[in-house]
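Worksheet for the structure shown next.
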Amino acid sequence: MIRIIIGIIIGVALFASVSQADDKVNTVTPKEFVSSVAAVPGAVGNHLQTEWADIKAYQAASWVDAKAQSARTWARLKSLFNTTKTTK
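Residues 2 to 89 in the numbering used here are what the sequence shown spells out, letter by letter.
Printed below as a string of structure tokens:
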């Protein structure tokens, strides 16, 4: 039974991995190549600027959350030591 299941799994994997030929041949002209290479620095710069803005926003939100969590922790610690003695 296990051999049959393993055989089915291998058969499905082999069937799914068959590549199909594509009749369309992708060719790149020298002009397209130069324009795509020339666009790389601008695209990288834009990506880095947006990532930097996203990181700053995340860090600002993270710091606000950390400050609130720290305040809650200190309040709990202080409440442990601020118990008053009611018995004499």
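By construction, the Cβ of each residue, glycine as well, lies at the ideal position given by its N, Cα and C atoms.
Rounded C-alpha distance that separates residue i from residue j
i          : j          : result
residue 84 : residue 66 : 28 Å
residue 39 : residue 12 : 46 Å
residue 15 : residue 30 : 36 Å
residue 51 : residue 8  : 49 Å
residue 72 : residue 79 : 10 Å
For residue i, the first and last residue of its enclosing alpha helix (DSSP H)
i          : result
residue 74 : 31-82
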